[in-house]
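Below you'll find the structure, written out as structure tokens, and then a few comments.
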Amino acid sequence: MAPTREMSLETKERIVKLLEEGNSSRMIAKDVGCSQSAVSKIWTKYKYTTKQMKHKWEEAGANVCDRTVRNRLKEMGFQYRKAKRKPSLTPKHKRTRLQWAKERQSWTVDDWMKVIFSDESRICIGQGDDAGTFVWCRSSEIYEEACLKKTTKFPQSLMIWGCMSGKGTGEMTVVNSSINAQVYIDILDSFLIPSIEQMSDLLFFCFWILQLN
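Note that full-length UniProt numbering has the sequence shown beginning at 1, numbered continuously upward.
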């Protein structure tokens, strides 16, 4: 694979064009003969705010205003959106999740109907930064990593545990203390087991997927 820095301008423009047409990074990488990470890096470099683009154009000798930049972006299909909030994932998290998904990619609907998902969610109080972060992106790109607002956990919060399956929702409870091994076992005994009993046809056939943060 050729390093990104050795790519010609024509190749970079082709990558951007193919991405704008909705092609996958994998397909494009194979088409132009580079790595998927190189495709992602090139695409990220094109995601500038209007002021950054204006500055770049002025450096190139083009005198444009912010409105002109915004109009050109809109003509190209971009919209100014509030960045979606998603938890930060480490490379290890991403590899583990991808491996988990690949191991189950052949599962049928019936397989997934036998799964009960349980998880806890922290509702943060007064996260601040109400104005949010805005980015220019297309509708299909709102969950691209370069368009996300990374979040972290905050101390002022309310923890809720719940579960669900293809048969419906199970029990939900507010957790008033820090979750350790014993607290979590108590939650499973008090709320997960009754949820399984409510879904009686799953009682002896379900897999438990516990997504712990």
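We put the CB at the ideal spot given by N, CA and C, even for glycine. These numbers were taken from a predicted model, which means no experiment stands behind them.
Handout entry: Extent of the continuous beta strand (DSSP E) run through residue 161
Key = Under the DSSP assignment, residue 161 falls in the beta strand (DSSP E) whose first and last residues are 157-165.
Practice task
Provide the residue(s) that pair with residue 173 in DSSP beta bridges, ordered along the chain.
Solution key: Secondary-structure assignment with DSSP links residue 173 through a beta bridge to 161.
Practice task
Compute the beta-carbon to beta-carbon distance between residue 117 and residue 65, rounded to the nearest angstrom, for a pair I have assumed lies under 8 Å.
Solution key: That pair is no contact at about 50 Å.
Practice task
Determine contact between the stretch 174-182 and the stretch 99-114, defined as no fewer than three beta-carbon pairs at a distance below 8 Å.
Solution key: No: fewer than three Cβ pairs fall under 8 Å.
Practice task
Using a threshold of 8 Å, state whether the C-beta atoms of residue 92 and residue 148 are closer than that.
Solution key: The Cβ atoms of residue 92 and residue 148 do not sit closer than 8 Å to each other.
Handout entry: Run of the alpha helix (DSSP H) containing residue 247, from where it starts to where it stops
Key = No statement about residue 247 is possible, as the shown extent of the chain runs from 1 to 213 and does not include it.
Handout entry: Same chain only: Cβ atoms within 7 Å of residue 26, ignoring 5 sequence neighbours per side
Key = Its chain contains 36 as the residues whose beta carbon lies nearer than 7 Å to that of residue 26, once the 5 sequence neighbours on both sides are disregarded; these appear in chain order.
Problem - For residue 137, three-class secondary structure by DSSP - result: DSSP places residue 137 in the strand class (E or B) of the three-state scheme.
Exercise for the section: Rounded to whole angstroms, what's the CA-CA distance from residue 215 to residue 168? Just pull it up for me. Expected result: Only positions 1 to 213 of the chain appear in this structure, which leaves residue 215 out of reach.
Problem - Burial state of residue 76, where buried means 16 or more other Cβ atoms lie within 10 Å - result: Burial call: exposed.
Problem - Pairwise C-alpha distance: residue 189 and residue 55 - result: Cα to Cα, the separation comes out at about 60 Å.
Practice task
Quick one: measure Cβ to Cβ for residue 53 and residue 39, integer angstroms, because I've assumed they're closer than 8 Å.
Solution key: Taking C-beta atoms under 8 Å as the contact rule, residue 53 and residue 39 fail to qualify, at a distance of about 21 Å.
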